[in-house]
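> Chains as they are written, first to last, in my numbering: chain D, 241 to 570; chain F, 299 to 548.
For each residue, glycine too, the CB sits at the ideal point set by N, CA and C.
(1) For chain D, find out if any of its Cβ atoms is closer than 7 Å to the Cβ of residue 377 of chain F; answer yes or no.
(2) Any C-beta of chain F sitting closer than 7 Å to the C-beta of residue 247 of chain D?
(3) Any C-beta of chain D within less than 8 Å: which residues of the segment 380-397 of chain F qualify?
(4) Along chain D, which residues have their Cβ under 8 Å away from the Cβ of residue 351 of chain F?
(5) Starting from the beta carbon of residue 402 of chain F, find every residue of chain D whose beta carbon is closer than 7 Å, and list them in chain order.
(6) If you draw a straight line from the C-alpha of residue 452 of chain D to the C-alpha of residue 506 of chain F, how long is it?
(7) Mind checking who residue 318 of chain F pairs with in its DSSP beta bridge?
(8) For residue 566 of chain D, does the three-state DSSP call read helix, strand or coil?
(9) Would DSSP call residue 537 of chain F helix, strand or coil?
(10) Is DSSP giving residue 551 of chain D helix, strand or coil here?
(11) Given a cut-off of 7 Å on the beta-carbon distance, is the pair residue 470 of chain F and residue 383 of chain F in contact?
(12) Does the segment 383-395 of chain F come close enough to the segment 436-452 of chain D to have 3 or more Cβ pairs within less than 8 Å?
(13) Is the distance from the Cβ of residue 533 of chain D to the Cβ of residue 491 of chain D below 7 Å?
(14) Label residue 434 of chain D either buried or exposed according to how many other C-beta atoms from any shown protein chain fall within 10 Å of its C-beta, with 16 as the threshold for buried.
(15) At the level of alpha carbons, what is the spacing between residue 392 of chain F and residue 442 of chain F?
(16) Residue ranges of each beta strand (DSSP E) run of no fewer than 3 residues wholly in the segment 313-376 of chain F, ordered along the chain?
(17) At 4 residues or longer, what runs of the alpha helix (DSSP H) sit wholly inside the segment 316-370 of chain D?
(18) Name the chain F residues that come within less than 9 Å of residue 420 of chain D, Cβ to Cβ?
(19) Does the separation of the CB atoms of residue 462 of chain D and residue 307 of chain D fall below 7 Å?
(20) Is it right to say residue 312 of chain D is buried, meaning 16 or more other beta carbons lie within 10 angstroms of its own, or is it exposed?
(21) Which residues in chain D have a C-beta closer than 8 Å to the C-beta of residue 407 of chain F? List them in chain order.
(22) According to the Cβ coordinates, are residue 386 of chain D and residue 315 of chain D closer than 7 Å?
(23) Determine the extent of the alpha helix (DSSP H) in which residue 493 of chain F is found, giving its start and end residues.
(24) How would you label residue 361 of chain D, buried or exposed, when you count the other beta carbons within 10 angstroms and need 16 or more for buried?
(25) If the cut-off is 9 Å on Cβ atoms, which residues from the segment 494-521 of chain D count as contacting chain F, listed in chain order?
(26) Since residue 472 of chain D and residue 276 of chain D should fall inside the 8 Å C-beta cutoff, what is the C-beta to C-beta distance between them, to a whole number of angstroms?
(27) Of all Cβ atoms in chain D, is any one closer than 7 Å to the Cβ of residue 538 of chain F?
(28) Who are the near neighbours of residue 472 of chain F in its chain, counting only those whose CB is closer than 7 Å to its CB and skipping five residues on each side?
(29) For a contact meaning CB atoms closer than 7 Å, what does residue 435 of chain D contact in chain F?
(30) For residue 450 of chain F versus residue 477 of chain F, is the C-beta spacing smaller than 7 Å?
(31) If you check the beta carbons only, do residue 456 of chain D and residue 293 of chain D fall under 7 Å apart?
(32) Any idea what DSSP makes of residue 559 of chain D, helix, strand or coil?
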């Protein structure tokens with residue numbers, strides 16, 4: 241059975257990569273380990289966005305909103321109110337999911353360019369709050385001094401290696417959850433909506449509800465990456481929720497390959513690496529990122545996962561829907 | 299229960315601005331009936347289907363399904379009552395395989411469609427139903443082919459498979475043989491004849507041979523109005539119908 245063999249290959253690869261990631265902590269220098277931590281955090285963000293972009297077929301340009309809400313919640317609760325680790329995590333998780341649930345009501349009936357514009361507008365609302373609500377968010381100055389979580393003497397997260405393990409554990413859990421989610425009956429229904437929403441309605445699906453729920457689930461996972469980011473960076477500022485942040489997540493998915501789970505994770509790795517590598521040479525690294533975006537759309541519209549690397553085929557479904565406005569139709 | 303009509307349209311009217319696409323149509327389908335709707339282009343046949351499924355709402359009149367007023371119900375709720383339809387222009391999930399298409403259709407009327415953290419492959423029942431349908435339509439070879447790579451004829455068959463797998467009580471077929479060759483049409487018609495007699499079928503068809511072959515009775519629609527209903531023979535010999543199709547005699 242090719243199907244079973246394929247699954248076994250994937251499982252082996254997953255375990256192999258996980259082991260490598262665990263071992264990486266012993267080998268890498270502090271600098272590279274912190275970069276890798278960042279890659280994992282933004283990998284979660286990119287994978288969560290891919291639920292919308294690659295599966296439901298809704299290109300969101302405001303995905304950093306939930307990331308930002310979660311990060312700010314952790315920052316405000318821990319520095320202003322002295323709330324402990326679990327309180328911060330729970331509060332941030334609930335609030336970012338709640339914001340997704342409210343935004344979802346406004347966006348779930350749109351698609352294509354309209355969806356893109358309205359999600360962009362809503363993320364600007366969050367940015368506006370972060371920037372203008374100085375009493376709560378400290379505005380442009382951001383909030384610094386977010387303490388790393390401390391789970392007893394033995395596992396102090398102040399230690400970069402321990403924190404890396406913590407992020408890795410969350411990453412693996414999220415990866416498996418999203419993997420399962422996408423293969424569930426509900427996850428399959430999202431692909432159906434991407435391919436033909438009218439047919440889905442005529443098969444008995446309330447497509448609005450499915451789109452809405454996928455938006456909330458995507459927002460929820462995005463919030464998890466925001467929580468990790470706040471603890472990683474120890475500092476949040478409006479730049480975490482501005483349009484560039486959403487755009488980067490968008491690019492990670494496009495570059496890696498929408499509709500695949502591994503693609504966006506790889507895309508996150510490439511973008512984060514380039515960002516840190518290039519910013520050592522030039523302040524104008526955004527020009528390079530923009531160029532990559534254009535080249536990807538022109539020459540690799542289905543992302544690097546569409547490249548058939550050593551016969552490992554991950555992507556059976558590889559594209560945004562046909563009635564999507566972005567991307568070339570050939 | 300025998301007396302309950304499967305589908306009952308009462309004075310259904312649909313206007314688009316000043317255009318009367320459908321005006322005052324009364325139509326009654328008994329359970330198990332096979333009815334074909336014929337009429338020239340622009341007669342309003344597909345509009346009528348869209349009204350029955352709920353993709354459009356009537357401007358006037360009422361629609362009853364299995365004795366229940368569904369005039370204001372959205373599409374997915376009507377589907378869950380037991381109707382399903384096919385499209386004149388093939389409307390499938392092109393990037394998915396034939397099997398994946400069928401599974402999506404099978405779970406559409408099932409609560410399982412909301413399950414988020416349990417793999418699809420756990421639902422053996424859907425797979426079994428998909429296999430049965432694949433056998434019936436002779437599509438086993440194409441099982442794992444992406445639908446976009448199927449021939450037009452095969453896509454037309456999958457179109458009907460998707461409508462059947464949800465186990466509907468009322469099936470609306472919108473020109474199932476559109477674009478098929480003569481040979482394909484014949485074999486496909488034979489397959490369609492084998493559809494479970496319990497299922498009520500409403501059929502739009504341009505090909506008269508297919509319409510007469512599949513349906514017990516025929517309704518003629520012209521410019522949004524119901525002209526006549528009757529047995530195939532009566533329709534063939536009806537003067538009005540001949541005029542609609544061939545124009546008036548000089």
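Looking at the atomic coordinates:
(1) yes
(2) no
(3) 382, 383, 385, 389, 390, 391, 392, 393, 394 and 395
(4) 442
(5) 428, 429, 432 and 443
(6) 45 Å
(7) F:313
(8) Legend: pLDDT at residue 566 of chain D = 39, less than 50; position of this residue unreliable, value from coordinates given subsequently. If DSSP states are grouped into helix, strand and coil, residue 566 of chain D belongs with coil.
(9) helix
(10) Reliability of the predicted coordinates at residue 551 of chain D is poor, the pLDDT of 46 falling under 50, and the value obtained from them is presented with this limitation in mind. If DSSP states are grouped into helix, strand and coil, residue 551 of chain D belongs with the helices.
(11) yes
(12) yes
(13) yes
(14) buried
(15) 12 Å
(16) 317-327, 332-336 and 358-363
(17) 325-347
(18) 414, 415, 416 and 417
(19) yes
(20) buried
(21) 443 and 444
(22) yes
(23) Where residue 493 of chain F is concerned, there is no enclosing alpha helix (DSSP H), given that its DSSP letter is neither H nor E.
(24) exposed
(25) 499
(26) The Cβ separation is near 11 Å, so there is no contact.
(27) no
(28) 344, 347, 383, 384, 385, 386 and 502
(29) 391, 392, 393 and 394
(30) yes
(31) no
(32) The predicted model places residue 559 of chain D with a pLDDT of 39, which falls under 50 and marks its position as unreliable, so this point remains unresolved.
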